[in-house]
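To start, the structure under review is shown below, and the notes come after it.
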Amino acid sequence: DAGITQSPRHKVTETGTPVTLRCHQTENHRYMYWYRQDPGHGLRLIHYSYGVKDTDKGEVSDGYSVSRSKTEDFLLTLESATSSQTSVYFCAIRTGLAGFGASWNEQFFGPGTRLTVL
Amino acid sequence: AQSVTQLDSHVSVSEGTPVLLRCNYSSSYSPSLFWYVQHPNKGLQLLLKYTSAATLVKGINGFEAEFKKSETSFHLTKPSAHMSDAAEYFCVVSAAGNQFYFGTGTSLTVIP
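This is the structure in structure tokens:
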């Protein structure tokens, strides 16, 4: 599972409240990703990071912000949650070259966080 | 630009019969292609990947996929379906960048 954990695993919140989801990895991978999964859409990229303090937007970044102050942690924040952000959120890492003991260019995923915005 | 089209949103097969899940891709560069499986209420697991080595790729649990550049396809197959194969399957493309593009998924039902 590439040592990826997500917290919380489940959260129910109300419209307009801020929410932060955390992704933690133990294997020092440079690239980390946040996706949301919705029926009929597969997984869609929200933001990704290619190093500490280096992030970029994905396909569905509106309403979300991210931060990466340490290699091992990638935070996703919903500044003011809306019902349309009810979803399952997955964090992923991308493996690098031989130095990490894994194949090039694979993604491994965390267990997911189910977020419900009422 | 890269994209993936999974041609069937639902596939239903009988146990013991072959499985075919279809995926077409679009990529401006030589792509890496992946199939992931997601069992109900679980995370995503890598089934197999193509990264410009052999065009016929073998994965876990008896699954295979063949990269056909002329057809821009990367279909997933298995000779004999098992009940435990019932899941959602995602085809993914990545090329010349840091992003991965997912198809919308194919739900596989296996009938006993």
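From first to last, the protein sequence lines are chains X and P.
For what it's worth, the numbering used here labels the leading residue of the first sequence as 844, then goes sequentially.
For what it's worth, the numbering used here labels the leading residue of the second sequence as 4, then goes sequentially.
C-beta: ideal position from N, C-alpha, C; glycine also.
Against chain X, a Cβ distance below 9 Å from residue 27 (chain P) picks out nothing, because the smallest value is about 14 Å.
In the three-state reduction of the DSSP assignment, residue 905 (chain X) falls in the coil class, being assigned neither a helical nor a strand state. Taking 8 Å as the cut-off, the beta carbon of residue 931 (chain X) is found no closer than this to the beta carbon of residue 856 (chain X).
Residue 851 (chain X) does not reach chain P, its nearest Cβ partner there being about 15 Å away, counting only Cβ pairs nearer than 7 Å. Non-local beta-carbon contacts of residue 20 (chain P) in its own chain, meaning distances under 8 Å to residues more than five positions away in sequence, involve 83, 84 in chain order. For residue 894 (chain X), the closest Cβ of chain P is not nearer than 8 Å.
No Cβ-Cβ contact shorter than 8 Å links residue 29 (chain P) with residue 58 (chain P). In chain order, 53, 77, 96 place their CB closer than 6 Å to the CB of residue 36 (chain P), counting only its own chain and leaving out the 5 sequence neighbours on each side.
C-alpha of residue 41 (chain P) to C-alpha of residue 90 (chain P): approximately 6 Å in a straight line. Of all residues in the segment 922 to 933 of chain X, only 933 come within less than 9 Å of chain P when Cβ atoms are compared, listed by chain position.
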